[in-house]
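One structure is given below, encoded as structure tokens.
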Amino acid sequence: YNNPTNLFVADFMGSPAMNLIPATIDGNGNALSVVLQREAREPISLRLADAPTGLSAFHSKPIIFGVRPEALTDPEGAERNASNIATADCHIEVVEPAGSDTFAVTNLGGKAVVARLRADANIQPGTVTPLAFNLTKAVFFDPATENRIV
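Counting from 1 along the sequence shown, just add 45 to a position and that's the residue number in our numbering.
Put into structure tokens, the structure is as follows:
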């Protein structure tokens, strides 16, 4: 669940499934960022504190950025012990209360991306809201082989 070896496993395990977002890698060495395109807005650049060693070979190349809905949340609901949280403003398209959670949908990399927020998160469709990405739990895939980049 947390360490899928390929895209099939990442997409198959979990409900809702892992968000699999087309992205690119910017930077080099220990200063890597994942860049996510947004419709009619500047791209989001998320600095990676502990990027997998193999990720530097993908500089300026397409990758698939995988993040589970629970690792994408409102800043107040972000895991306090995570070593790499990055926040970015996202346009919220859909909000779906679901009892103990609220699910919000935004669009990144041309894909609908699901965030899992606290039930009491103050979020409305049609607004731009900061979302926290727990990059400690992010995984990266090679789109050509569909295998995880380690």
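Glycine residues also receive a C-beta, built at the ideal position from the N, C-alpha and C atoms. Note that the coordinates shown come from a computational prediction; the quantities given were computed from them, not determined experimentally.
With a threshold of 16 other CB atoms inside 10 Å of the CB of Met58, please say whether the residue is buried or exposed. exposed
Report the partner residues of Gly111 according to the DSSP bridge assignment. Leu65, Val184
Could you tell me the alpha carbon to alpha carbon distance between Ala160 and Val140, rounded to whole angstroms? 10 angstroms
Over the uninterrupted beta strand (DSSP E) stretch that includes Val54, give me the two end residues. Counting along the chain, Val54 falls outside any beta strand (DSSP E), though it belongs to the alpha helix (DSSP H) covering 52–57.
Reference Gln82; option with closest CA among Lys182, Ala183, Ile66, Asn129: Ile66
Asp146: which of Asn167, Asn129, Gly155 sits nearest, CA to CA? Asn167
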